[in-house]
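Here the sequence shown is numbered in my numbering, starting from 121 and rising by one per residue. Glycine is no exception: its CB is placed at the ideal position from the N, C-alpha and C atoms.
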Amino acid sequence: MELNRNQYFMIGLIVLALGIQFRVVESVTLTEEASSFIAKRIVKQQAASGEIPPAFVPAAESQATSTKRTINPPEWLGWALISVGGVLILHSLAMQKPG
121 MELNRNQYFM IGLIVLALGI QFRVVESVTL TEEASSFIAK RIVKQQAASG
171 EIPPAFVPAA ESQATSTKRT INPPEWLGWA LISVGGVLIL HSLAMQKPG
């Protein structure tokens with residue numbers, strides 16, 4: 121499937137909005153259900169390979185399902201998404217109109 125001008129523009133807008141959101145928000149606190157989901161699925165998979173992010177290292181197995189986790193996205197992530205979104209929008213404007 122080939123992407124046309126409108127699709128590039130919409131993807132660019134979404135990525136740009138995500139980048140702005142990451143710049144505005146400093147941290148995200150997950151609910152207990154989401155924290156337990158991450159503790160059960162992602163942490164156990166990464167524990168087998170030895171790559172566990174410091175934000176998700178549980179102190180004890182019983183605490184892993186009952187505590188709320190906080191995610192602190194890096195500052196560069198927002199700037200990167202804003203840049204990619206801007207490039208996609210400018211690229212869509214340089215393309216030919218569909219049809």
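I158 is classed as buried because its beta carbon has at least 16 other beta carbons within 10 Å across all chains shown.
In the displayed model, V207 falls within a helix according to three-state DSSP.
Boundaries for I162: no alpha helix (DSSP H) harbours it, and the DSSP string shows neither H nor E there.
For N124, same chain residues with a beta-carbon under 8 Å away, outside a window of 5 residues either side, are M215 and P218 in chain order.
For L138, the uninterrupted alpha helix (DSSP H) run begins and ends at R125 to V144, by DSSP.
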